[in-house]
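K.L.:
Quick one: the structure is below, questions incoming.
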C-alpha cells in the first residue's frame, strides 16, 4: 500500500518540493511543526482549501498548477498566518517530509473510504459487472451479424368528399368550330348541362395504400405496395365520362382527376413491386415487375406536394417528360456532389408474351424510355428530362391534357422534353416554396394515322405550371398551397389530305391549334394530429376541353375536403 501512496502523490508533491529542498541550509523547526500539526488535524487556521487564499501565489508562477492540485485534491497544504505561502523560500528535508506525510495521510483516508464503499456495494457492483459483460456479448453478436432482414409497414387512407359544377354556353353540335355534319349527332344541348347531369353529384370516395418495405442488407429496398379505391366513373377519377359525345370518338372523360384516385372499384391490387439496391457509393439500380417511371429517378424536380388536389400538378409541369408510366421496367441512376443522371425503361405491357400487344422492347410493349439530368442542393434544384413514348403506349396526356392533346398522343411516337426547378426557404413561415416546370412534346404520326378525316403528320404541344406552398402558416404544422398552369395543349399541328366538309387541312390546322386553357387550385391542410390531416380545396378549369369548345365557353369549378390518415 505504501508504494500505491507514493505513486499517487509523488508527481504533484515532489514536483513542487524538490527544487526548494535542494537549496535548504538549515532546519526550520517551526515549519516542520506547522505541517505536523496539519497532518494531525490541528492548526486549522493555517490550512487552506483554495490556492486563491495565498496572496503571494500567482498563475504565472511555474509551480502554480502543482500547488493547486495538492490543495484542491488532498487538502494537505498549509500557509502562514498572514496568508502567504512564501514559495520562493527554501525548505528543509524535514519540512518536505512533514508535507509529504500529511498528503499521504489524506490519500490513506480517501483510500479507506473507497474500500468501505466497495465493500458496502460489493453485491451491486457484481450485478453491474454481470450486466456489462452481457451487453458486451450482445454488442459483439450484433457486430458479427451486422443486419437482419426487416420489413416495415406504412400506409395511407384517404377520404374525399367533393362535387363539381360545369358552366358555359358551348353546345354539342359545334365542336372544334365545326358544324354538326362533322361532329356527329348531339343536337343543341349545352355541354355543361350534360356534364352536370353525368358528374354533378356530391361523392364520397376513398383510396387506400399499404407499403411493405423490406431490406436485406440495410441499404437495399424491396417495396410492395397494395392499393385499392373506388374512384371509378367519378368526376375525380381517371375514367369518369362527362357524357358529352366527342367528335374524336366516344365521350369526353373528366379533366379533374385527383392524384389520390385509384380506379379499381374496391379491388385490392399490387400497385408496386420492385427491388432497389446500391452499386458502390454512386450508383443505384432499380428493377421490378410493377415499377413506375419516377421510382427510378434520383431527383423528383418539385417541392410542390405530390398528393394534393389535381393530378396534373404532380407532373412537375411536364407530363410528357414525366409520363409516370407503370409496368415492368428497370433503371439506374448516378449521384455525386448533388449532380445526378438517371435512365430507365418501362413497358406497361411487359407481362404479355404476344409481341404485337406486349413484351419488352417490342412493337406492342407500350414502352417509355427516360433520361434525366439534375442538380439538387439542400433547398433548391434544377432538372431536365427527355422521354420517348411509343405509339401504342396509349395517350401520353390522358387526364393531363386537353382532349385534342390526348388524342394526338395516341397517333404516333412522342418525344418529350421537360425543364423543372424548385426553391424552398430554410425556415417555414410566410415565404413559400416555389416550384415551376415547362414541357414540350412532339408527336410524329404513323403512316395510317388520321385525325377528323385528315391525314395526321405531326403535332407539338406544351404545358407549364407554378406551384407555391406555405409551411407552418397560421398554426405550426398546417400548410397551404396554390398552383396555376396549363395542362398539355396543342400549339401546332400538321395535317394533309383532301378537304373535309369544305374545310381545307390548313384551315383545320389553324383552328385546332387554338387549344389553350388554364387550371388553378388552392388548398389548406389542417394537421389535426401527427397522423391525421384535413384538407379543404377549391379548383377551377377555364376551358377543360380546349379547342373542342372553340369560340364558345365551357368551364368547371370544383370543391372537396380530403381527410388523410397516415400510419
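Numbering (my numbering), first residue to last: 2 to 568. Glycine included, each C-beta is placed from N, C-alpha and C at the ideal position. Remember, predicted model here, so these are calculated numbers, not experimental data.
CA-CA distance, residue 413 and residue 329?
P.N.:
Here residue 413 refers to the residue found at position 412 when the chain shown is read from its first residue. Here residue 329 refers to the residue found at position 328 when the chain shown is read from its first residue. If I take the Cα positions, the gap works out to 22 Å.
K.L.:
Where are the alpha helix (DSSP H) runs, 4 residues long or more, that stay fully inside the stretch 269-343, in chain order?
P.N.:
Listed in chain order, there is nothing to give.
K.L.:
Specify the secondary structure class of residue 357 as computed by DSSP and reduced to three states.
P.N.:
To locate residue 357, count along the chain shown from 1; it is residue 356. Of the three classes helix, strand and coil, the one that applies to residue 357 here is coil, per DSSP.
K.L.:
With three or more beta-carbon pairs closer than 8 Å as the criterion, would you say the stretch 500-512 touches the stretch 532-541?
P.N.:
No, they do not touch.
K.L.:
Which of the three DSSP states, helix, strand or coil, is assigned to residue 387?
P.N.:
Numbered from its first residue, the chain shown carries residue 387 at position 386. Residue 387 falls in the strand class under three-state DSSP.
K.L.:
Assign residue 271 to buried or exposed, taking buried as 16 or more other Cβ atoms, counted over all protein chains shown, within 10 Å of its Cβ.
P.N.:
Within the chain shown, residue 271 is the residue found at index 270, counting from 1. Exposed is the call here.
K.L.:
Exposed or buried, what is residue 153 when buried is set at 16 or more other beta-carbons lying within 10 Å of its beta-carbon?
P.N.:
By one-based count along the chain shown, residue 153 stands at place 152. Residue 153 should be labelled exposed.
K.L.:
Can the beta-carbon of residue 433 be found closer than 8 Å to that of residue 247?
P.N.:
Translated into the one-based positions of the chain shown, residue 433 becomes position 432. Translated into the one-based positions of the chain shown, residue 247 becomes position 246. For residue 433 and residue 247, no; Cβs fall outside 8 Å.
K.L.:
Using 10 angstroms around the beta-carbon of residue 292, count the other beta-carbons present and answer buried if the total reaches 16, otherwise exposed.
P.N.:
As a first step, residue 292 must be located in the chain shown, where it is residue number 291. With 16 or more Cβ atoms within 10 Å of its Cβ, residue 292 is classed as buried.
K.L.:
Applying the 10 Å Cβ sphere with the 16-neighbour rule, what's the burial state of residue 552?
P.N.:
Within the chain shown, residue 552 is the residue found at index 551, counting from 1. Answer is exposed; the Cβ neighbour count stays below 16.
K.L.:
Using a 10 Å radius around the Cβ and a threshold of 16 neighbouring Cβ atoms, would you call residue 84 buried or exposed?
P.N.:
Taking the first residue of the chain shown as 1, we reach residue 84 at position 83. With fewer than 16 other Cβ atoms within 10 Å, it is exposed.
K.L.:
Helix, strand or coil: how does DSSP classify residue 537 here?
P.N.:
In the chain shown, counting from the first residue as 1, residue 537 sits at position 536. Reduced to three states, the DSSP call for residue 537 is strand.
K.L.:
Only counting the same chain, and skipping five residues up and downstream in sequence, which positions put a Cβ closer than 8 Å to that of residue 166?
P.N.:
To locate residue 166, count along the chain shown from 1; it is residue 165. Excluding residues within five positions, the ones whose Cβ falls inside 8 Å are 197, 201, 557, 558 and 559.
K.L.:
Using CA coordinates, which residue listed in 178, 374, 435 and 217 is at the minimum distance from residue 305?
P.N.:
Numbered from its first residue, the chain shown carries residue 305 at position 304. Cα-wise, what sits closest to residue 305 is 435.
K.L.:
Residue 424 to residue 382, Cα distance in whole Å?
P.N.:
Numbered from 1 along the chain shown, position 423 holds the residue referred to as residue 424. Numbered from 1 along the chain shown, position 381 holds the residue referred to as residue 382. Distance between the alpha carbons of residue 424 and residue 382: 7 Å.
K.L.:
Start and end of the beta strand (DSSP E) containing residue 414?
P.N.:
Within the chain shown, residue 414 is the residue found at index 413, counting from 1. It spans 413-424 - the beta strand (DSSP E) in which residue 414 sits, taken as one unbroken run.
K.L.:
Is it the case that the stretch 484-502 contacts the stretch 451-461, given that we only count it when at least three CB pairs across the two stretches are under 8 Å?
P.N.:
Judged by Cβ distances under 8 Å, the stretch 451-461 makes contact with the stretch 484-502, as three or more pairs qualify.
K.L.:
Classify residue 95 as helix, strand or coil using the three-state DSSP reduction.
P.N.:
Counted from its first residue, the chain shown places residue 95 at position 94. Helix.
K.L.:
From which residue to which residue does the beta strand (DSSP E) around residue 458 run?
P.N.:
The residue labelled residue 458 in the question sits at position 457 within the chain shown. Here the beta strand (DSSP E) through residue 458 covers 455-472.
K.L.:
Does the pairing of the stretch 264-280 with the stretch 225-243 give three or more beta-carbon distances under 8 Å?
P.N.:
Output reads yes: the stretch 225-243 touches the stretch 264-280.
K.L.:
Where do the N-terminal and C-terminal ends of the beta strand (DSSP E) with residue 377 fall, by residue?
P.N.:
The count along the chain shown starts at 1 and reaches residue 377 at position 376. From DSSP, the beta strand (DSSP E) with residue 377 extends over 368-377.
K.L.:
First and last residue of the alpha helix (DSSP H) that includes residue 508?
P.N.:
Sequence index remark: in the chain shown, residue 508 carries index 507 (1-based). Note, residue 508: alpha helix (DSSP H), 506-513.
K.L.:
Quick one: any contact between the stretch 272-280 and the stretch 348-363, if contact means 3 or more CB pairs under 8 Å?
P.N.:
No, the stretch 272-280 does not touch the stretch 348-363.
K.L.:
Write down the C-beta distance between residue 416 and residue 442 rounded to the nearest angstrom, noting that I regard them as a contact closer than 8 Å.
P.N.:
Within the chain shown, numbered from 1, the residue matching residue 416 stands at position 415. Within the chain shown, numbered from 1, the residue matching residue 442 stands at position 441. Yes, residue 416 and residue 442 are in contact; Cβ-Cβ is about 7 Å, under 8 Å.
K.L.:
Output the boundary residues of the beta strand (DSSP E) element that contains residue 196.
P.N.:
Within the chain shown, residue 196 is the residue found at index 195, counting from 1. That residue, residue 196, is in no beta strand (DSSP E); its alpha helix (DSSP H) goes 192-200.
K.L.:
Do residue 58 and residue 581 have their beta-carbon atoms positioned less than 8 Å apart in this structure?
P.N.:
Residue 581 cannot be examined here, being either before or after the span of the chain that is shown, 2 to 568.
K.L.:
Where does residue 518 fall in DSSP's three states?
P.N.:
As a first step, residue 518 must be located in the chain shown, where it is residue number 517. It is coil, neither helix nor strand.
K.L.:
If we ignore side chains and look at the alpha-carbon of each, how far apart do residue 173 and residue 155 end up?
P.N.:
Taking the chain shown and counting its residues from 1, the one referred to as residue 173 is at position 172. Taking the chain shown and counting its residues from 1, the one referred to as residue 155 is at position 154. For residue 173 and residue 155, the distance between alpha carbons rounds to 47 Å.
K.L.:
For residue 195 and residue 242, I'd like the C-alpha separation in whole angstroms.
P.N.:
Taking the chain shown and counting its residues from 1, the one referred to as residue 195 is at position 194. Taking the chain shown and counting its residues from 1, the one referred to as residue 242 is at position 241. Taking the straight line joining both Cα atoms gives about 10 Å.
K.L.:
Answer yes if the stretch 475-491 comes into contact with the stretch 307-316, meaning at least three C-beta pairs across the two stretches below 8 Å, and no otherwise.
P.N.:
Segments in contact, yes.
K.L.:
Report the three-state DSSP secondary structure of residue 406 (helix, strand or coil).
P.N.:
Sequence index remark: in the chain shown, residue 406 carries index 405 (1-based). Residue state, collapsed to three classes: helix.
K.L.:
If we ignore side chains and look at the alpha-carbon of each, how far apart do residue 392 and residue 543 end up?
P.N.:
By one-based count along the chain shown, residue 392 stands at place 391. By one-based count along the chain shown, residue 543 stands at place 542. Whole-angstrom Cα-Cα distance: 30 Å.
K.L.:
For residue 297, count the other beta carbons within 10 Å of its own beta carbon; 16 or more makes it buried, fewer makes it exposed. Which is it?
P.N.:
For the purposes of this step, residue 297 is identified with residue 296 of the chain shown, where counting begins at 1. Buried, by the Cβ-count rule.
K.L.:
Would you mind stating whether residue 462 and residue 402 have Cβ atoms separated by less than 8 Å?
P.N.:
Walking along the chain shown from the start, residue 462 turns up at place 461. Walking along the chain shown from the start, residue 402 turns up at place 401. Contact flag set, yes.
K.L.:
Are residue 342 and residue 259 close, meaning C-beta to C-beta below 8 Å?
P.N.:
Stepping through the chain shown from its first residue, residue 342 is reached at position 341. Stepping through the chain shown from its first residue, residue 259 is reached at position 258. Cβ distance not < 8 Å, so residue 342 and residue 259 don't count as in contact.
K.L.:
Starting from residue 487 and walking both ways along the beta strand (DSSP E), at which residues does that stretch end?
P.N.:
By one-based count along the chain shown, residue 487 stands at place 486. Residue 487 -> beta strand (DSSP E) spans 480-497.
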